[in-house]
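Residue numbers (the numbering used here): 10 to 102.
Using N, Cα and C, we set each Cβ at its ideal position, and we do this for glycine too.
Treat the numbers as computed from the prediction; the structure is a model and nothing was measured.
Read the structure below first, then the notes.
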């Protein structure tokens, strides 16, 4: 007899949509919600306590530091590349 798998684990948080909108769209929504609900490291105190307050607003529950970041992650890939280029120009000067 084949091993029975757990039902509904594939859809994760997007299971609330049921069969609507297609598998790919539901997978993207589930991935984004997973990233936005995760906790991240605080840029000020270094603890893993940063959570999303609202759209692009992030706050640390340990030190109370509040800052603006990306919509789903505190630091976007574009923001990371800008910081990298700023560091290079400051080192060269």
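- By the Cβ-count criterion, residue 83 is buried, with 16 or more other Cβ atoms from all chains shown falling within 10 Å of its own Cβ.
- Note that the C-beta distance between residue 81 and residue 44 is below 9 Å.
- The stretch 91-98 and the stretch 63-74 do not touch, with fewer than 3 CB-CB distances between them shorter than 8 Å.
- Beta-bridge partners of residue 75 (DSSP): 68.
- Bridge partners of residue 60 according to DSSP: 68.
- Straight through space, the alpha carbons of residue 61 and residue 40 are spaced by roughly 15 Å.
- Closest in C-alpha terms to residue 57, from the list 27, 65, 48 and 63, comes 48.
- With at least 16 other beta carbons inside 10 angstroms of its own, residue 51 counts as buried.
- The continuous alpha helix (DSSP H) containing residue 101 extends over residues 86-101.
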